[in-house]
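Chemist:
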Amino acid sequence: VLFDAKLSEDILDFDETSDTLWRNHTYHGYSPSGQVDAQLVYAHYGRPQDFEALEHFNVSVKDKVVLVRYGKCFRGLKVMNAQKKGAAAVLIYSDPIDDGNAVGPT
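The sequence shown begins at 6 in my numbering and counts up one residue at a time.
1. On the DSSP bridge list, what partners appear for R74?
2. DSSP three-state call for V84: helix, strand or coil?
3. By the DSSP assignment, the alpha helix (DSSP H) with L59 in it spans what residues?
4. Check the C-beta distance from G81 over to D103 and give it rounded, since I have them as a contact under 8 angstroms.
5. Would you please state the rounded distance, in angstroms, between the beta carbons of V71 and V95? I believe it to be under 8 angstroms.
6. Comparing alpha-carbon positions, which option in H49, E57, D55 lies nearest D100?
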């Protein structure tokens with residue numbers, strides 16, 4: 006195993022919001038649980054045009070884990086788009102630049 010996700014965030018002493026009952030909802034409703042051992046492919050936001058771009062460069066997501074950024078389209082569509090291309094699993098992550106938590110000029 007190269008990576009084993011904890012599926013929960015660390016509790017931080019300096020952040021009172023990090024220790025709450027609601028912090029660890031790390032699932033996508035109606036998705037099955039599972040364990041996958043496969044190559045990882047980044048597919049930007051997981052939109053149809055993102056998968057088309059991968060195909061243009063002869064990158065297949067078939068039987069692979071697809072990593073996509075949260076945003077631009079509904080997360081269920083990201084999973085559906087990857088599934089249509091034969092992906093084994095999908096990981097959706099929040100990029101701080103999209104969440105408004107980016108560091109500005111210093």
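From the three backbone atoms N, C-alpha and C, an ideal C-beta is built for every residue, glycine too. Remember, it's a predicted structure, so these values are computed and weren't measured experimentally.
Modeler: According to the data block:
1. Within the sequence shown, the letter at position 69 stands for residue 74. Y98, per the DSSP bridge assignment.
2. The count along the sequence shown starts at 1 and reaches residue 84 at position 79. Of the three classes helix, strand and coil, the one that applies to V84 here is helix, per DSSP.
3. Residue mapping note: residue 59 aligns to position 54 of the sequence shown, counting from 1. Here the alpha helix (DSSP H) through L59 covers 53 to 61.
4. Here residue 81 corresponds to residue number 76 of the sequence shown, with the count starting at 1. Here residue 103 corresponds to residue number 98 of the sequence shown, with the count starting at 1. Contact doesn't hold; Cβ gap of about 18 angstroms is too wide.
5. Residue numbering aside, residue 71 sits at position 66 when the sequence shown is read from its first letter. Residue numbering aside, residue 95 sits at position 90 when the sequence shown is read from its first letter. At roughly 5 angstroms, the Cβ-Cβ gap stays under 8 angstroms, so V71 and V95 are in contact.
6. Here residue 100 refers to the residue found at position 95 when the sequence shown is read from its first residue. Nearest option by C-alpha distance: H49.
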